[in-house]
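There are 2 protein chains.
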Amino acid sequence: MNHRYYDILKQKNLSLTAVRLSLLEAIEEQPHSDANVIFANVQRKIPSVTIQAVYNNLNALSDAGIIREIKPKGSSSLYETRIDDNHHHVICRSCGKIGDTECKGCAPCLVPTDSHGFQLDEAEVVFWGLCPQCQKSYHKQKEIK
Amino acid sequence: MNHRYYDILKQKNLSLTAVRLSLLEAIEEQPHSDANVIFANVQRKIPSVTIQAVYNNLNALSDAGIIREIKPKGSSSLYETRIDDNHHHVICRSCGKIGDTECKGCAPCLVPTDSHGFQLDEAEVVFWGLCPQCQKSYHKQKEIK
DNA sequence: AAATAAATTTATAGAATATAAAAATATTTA
DNA sequence: TAAATATTTTTATATTCTATAAATTTATTT
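Chains A and B supply the protein sequences, listed in that same order. Numbering-wise, our numbering comes out as the position in the first sequence, counting from 1, plus 24. Numbering-wise, our numbering comes out as the position in the second sequence, counting from 1, plus 24.
See below:
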């Protein structure tokens, strides 16, 4: 078989299957999806697929570093295909909406004051706040009170 | 009743109960504990306590901002009483060990390049890497191969 | 094309967490 | 300080998320 993902998978000793392909496409199209959303999307193309196959592959692809998992409080694991570009996330406290962002002057953040002797390789940053919509409803609430 | 936590709880309309007190102490003594560890510790002082009460309170206290939840991949929710000091965490990829840290020059990190219009109030940073012990066993492994 | 290796389905199970009604415990009011 | 009220906790049940193992199917290698 031949495909854009063939080499990436082969390098990690993973074969290129229909499920895996569809799953990667689903994550590409809708980054920050959870297992159920991904399952539903794959199912549209491959009706026989099972949720177990989805979990298997999410783990296999995560372990191989082909996809990336984030796990914000208030949510189950979410996945994205953007990796190795050190990007971060903004998440709405109220509705859970997620956006990608670079981090201005992020380099200093890779240097914590106390590394506890750890050999660090990644700084994962989540910016918490209110999205534009929730800002509006929050202000409305305030006015009512 | 009178206690160090009385005012803090009262301010949030939460009453001071034996379970809640013991739970807060347990988290203080062992930061970054999960619900089960906290349950076990509370149980030592209050044998009749249930895991539901623990979950209830973890949620109630989180919502009130009295404790803080972190949820690293590969782990269930963990809790700590250190809040409002903008500290961050170093976590070992291999064994899951967690340490607290300040973030050198953290201020710029509160300014993402694209905030998507969000009104941000917190930057949560997790530093991933290998703890001293796991560095050693990792190097051993490498030598064997 | 056949042999081998890997992935997927089918089936089952476990951990983490939530909810709702009844009982117990705090807090407020009289 | 006792009674009334509000809140929390227990008891019981259920859901969601995720993992595992054996049998079948699909991909890859020979």
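Ideal placement from N, C-alpha and C gives every residue a C-beta, glycine not left out.
From the DSSP output, read off the bridge partner residues of residue i.
i: G98 (chain B); result: Note: G98 (chain B) sits in no beta bridge, so no partner.
i: V61 (chain B); result: V61 (chain B) is not bridged to any residue.
i: R92 (chain A); result: A:E104
i: A147 (chain A); result: B:F151
i: C116 (chain A); result: A:G153
i: I122 (chain B); result: B:I115
Using C-beta distances below 7 Å, list every residue in its chain close to residue i, excluding the 5 sequence neighbours before and after it, in chain order.
i: S46 (chain B); result: V66, K69 and I70
i: A42 (chain B); result: I70
Once the 5 residues before and after residue i are set aside, which same chain residues still bring their CB inside 8 Å of it?
i: Q35 (chain B); result: none
i: H27 (chain A); result: L40 and L45
i: N81 (chain B); result: V43, R44 and L47
i: G120 (chain A); result: P96, G98 and S99
i: E52 (chain B); result: T105
Which residues of chain A have a Cβ atom closer than 9 Å to the Cβ of residue i, listed in chain order?
i: S139 (chain B); result: V114, G123, T125, F151 and G153
Starting from the C-beta of residue i, find all residues in its chain whose C-beta is less than 6 Å away, skip the five residues before and the five after it, and write them out in chain order.
i: V114 (chain B); result: G123, T125 and F151
i: Q54 (chain A); result: none
i: Y30 (chain B); result: L40
i: N60 (chain B); result: none
i: K166 (chain A); result: For K166 (chain A), the pLDDT reaches just 47, beneath the cut-off of 50, and the residue's location in the model is therefore unreliable, leaving the point undetermined.
i: A64 (chain B); result: none
i: R92 (chain A); result: E104 and I107
i: L85 (chain B); result: I91
i: L33 (chain B); result: L40
i: S100 (chain B); result: D58
Quick one: which chain B residues come within Cβ less than 7 Å of residue i?
i: Q54 (chain A); result: Result: empty, since nearest Cβ-Cβ is about 17 Å, beyond 7 Å.
i: L40 (chain A); result: In chain order: nothing, as chain B lies at least about 26 Å away.
Just the chain B side, please: which residues come within less than 9 Å of residue i by C-beta, in chain order?
i: F63 (chain A); result: Ordered by position in chain B, no residue passes the 9 Å Cβ test against F63 (chain A), which lies about 19 Å from the chain.
i: L144 (chain A); result: V114, F151, W152, G153 and L154
Can you pull the chain A residues whose beta carbon is under 8 Å from the beta carbon of residue i, in chain order?
i: Q35 (chain B); result: Those within 8 Å of Q35 (chain B) in chain A number zero; the least Cβ separation is about 17 Å.
Say the cut is 6 Å; is the CB of residue i nearer than that to a heavy atom of the ligand NAP?
i: Q157 (chain B); result: Looking for the ligand NAP in the displayed structure turns up nothing, as the structure carries no ligands at all.
Selection of the stretch 90-103 of chain A by Cβ proximity to chain B, strictly under 8 Å: E93, I94, K95, P96, K97 and S101
Interface residues of the stretch 65-89 of chain A facing chain B [CB-CB below 7 Å]: none
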